[in-house]
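Worksheet for the structure shown next.
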Amino acid sequence: MITNNEIIFRLVLATICGGLIGIEREYHNKAGGFRTHILVSAGSALIMSISMYGFLGGDPARLASQVVSGIGFLGAGTIMREKSNVKGLTTAASIWVTAGIGLAFGNGFYLGGAITTIIVLFSLMALGFFEHRLLSKKYNIIEVTCKERTGLIGEIGSLMGNNDITIKDIKFNDRQISEDGEVINFALSVKTPVNIDREELRGKIEKIKGIIEVNMYNLG
Numbered sequence: 001m002i003t004n005n006e007i008i009f010r011l012v013l014a015t016i017c018g019g020l021i022g023i024e025r026e027y028h029n030k031a032g033g034f035r036t037h038i039l040v041s042a043g044s045a046l047i048m049s050i051s052m053y054g055f056l057g058g059d060p061a062r063l064a065s066q067v068v069s070g071i072g073f074l075g076a077g078t079i080m081r082e083k084s085n086v087k088g089l090t091t092a093a094s095i096w097v098t099a100g101i102g103l104a105f106g107n108g109f110y111l112g113g114a115i116t117t118i119i120v121l122f123s124l125m126a127l128g129f130f131e132h133r134l135l136s137k138k139y140n141i142i143e144v145t146c147k148e149r150t151g152l153i154g155e156i157g158s159l160m161g162n163n164d165i166t167i168k169d170i171k172f173n174d175r176q177i178s179e180d181g182e183v184i185n186f187a188l189s190v191k192t193p194v195n196i197d198r199e200e201l202r203g204k205i206e207k208i209k210g211i212i213e214v215n216m217y218n219l220g
């Protein structure tokens, strides 16, 4: 029979490992952050312990399988779709694997839980940095100053889509009232093909009615 100290140790270990993954997600301002990952990991460990030692003679795999199934709903809450872009898949996956880590510790499978935690942190931190550096030339900031008019941003979006450019984010920086009307300045974070001709793209944007100035910056 498992001792109280052993149960406490498993829950604390699950909490720590879940928290480490949550800190990385929290640092990147993701929907499922520090507390979410702690709750998922600790809760999974508790459920696994209950299934193994709370009901003698039962099948521990049944409760564990319900955790794996149920965590999908929580992960789905972190996934957002914006037109052709899907965000939150990495966070959803981290929540799912954190549940697995909690189940491992709850079962006393310390080596598996610890190694998986290391692999997850390496994937989120080291591989994330490597991925950014590898694809850095594909990411650009397009800063646009233009006269406010209905449909202008939509026209820019259509131009981007026609040139196989994905808009990742848009940020409005400034808004001023002039004699000619309202002038706005905003920045588009875009993902472009490697072989994009930036000057040609700039020229196409400048031809749109109302555009005053266009600046492009490579994030690499």
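When you line the sequence shown up against UniProt numbering, it's residues 1 to 220, in that order. From the three backbone atoms N, C-alpha and C, an ideal C-beta is built for every residue, glycine too.
Taking just the CA atoms, how far does L188 sit from S84? Because the pLDDT at S84 is just 47, under 50, the model does not fix this residue reliably, and the value given afterwards should be weighed accordingly. Roughly 16 angstroms separates the two Cα atoms.
Following the continuous alpha helix (DSSP H) through G161, name the residue where it begins and the one where it ends. Where G161 is concerned, the enclosing alpha helix (DSSP H) stretches over L152 to N162.
Indicate whether the contact test is met: 3 or more Cβ pairs, each with one atom in the stretch 175–189 and one in the stretch 142–159, closer than 8 angstroms. With a cut-off of 8 angstroms, the stretch 142–159 and the stretch 175–189 count as touching, because enough Cβ pairs lie within range.
Determine the direct distance from the alpha carbon of E26 to that of K147, and round the result to whole angstroms. Near 37 angstroms, if we compare the C-alpha coordinates of E26 and K147.
Start-to-end residues for the beta strand (DSSP E) that takes in M52: DSSP places M52 in no beta strand (DSSP E); its state is neither H nor E.
Using a threshold of 8 angstroms, state whether the C-beta atoms of V40 and T98 are closer than that. Contact annotation: V40 and T98 have beta-carbon atoms nearer than 8 angstroms.
At the level of alpha carbons, what is the spacing between S136 and T78? Because the pLDDT at S136 is just 48, under 50, the model does not fix this residue reliably, and the value given afterwards should be weighed accordingly. Roughly 25 angstroms separates the two Cα atoms.
Whose C-alpha, out of G72, I7, E6 and G100, is nearest the C-alpha of I21? The shortest C-alpha separation from I21 is found at G100.
Closest by C-alpha distance to M48, when choosing among E199, L11, I205 and P193: Ranking the options by Cα distance to M48, first place goes to L11.
May I ask which residues mark the beginning and end of the beta strand (DSSP E) holding G181? Where G181 is concerned, the enclosing beta strand (DSSP E) stretches over G181 to K191.
From what residue to what residue does the beta strand (DSSP E) around I167 run? T166 to S178 is the extent of the beta strand (DSSP E) around I167.
Within its chain, find whatever has a CB closer than 6 angstroms to the CB of R175; leave out the 5 residues flanking it on each side and keep chain order. Taken in chain order, the residues that qualify are I184.
Helix, strand or coil at E199 according to DSSP, with G and I counted as helix: E199 falls in the helix class under three-state DSSP.
Measure the alpha-carbon distance for F73 versus F34 and round it to whole angstroms. If you take the alpha carbons of F73 and F34, they lie about 18 angstroms apart.
What whole-angstrom Cβ distance do I2 and Y53 have, given they're in contact under 8 angstroms? About 5 angstroms separates the Cβ atoms of I2 and Y53, confirming a contact at the 8 angstroms cut-off.
Work out the CA separation of M216 and residue 223 for me, nearest whole Å. Here the chain covers residues 1 to 220 and nothing more, so residue 223 does not appear.
Unbroken beta strand (DSSP E) runs of length 3 or more, entirely within the stretch 69–117: which are they? With a minimum length of 3 residues, the continuous beta strand (DSSP E) runs that stay inside the stretch 69–117 are 80–82 and 85–87.
Taking the C-alpha atoms as reference points, what is the distance between I16 and I38? A straight line joining the alpha-carbon of I16 with that of I38 spans about 7 angstroms.
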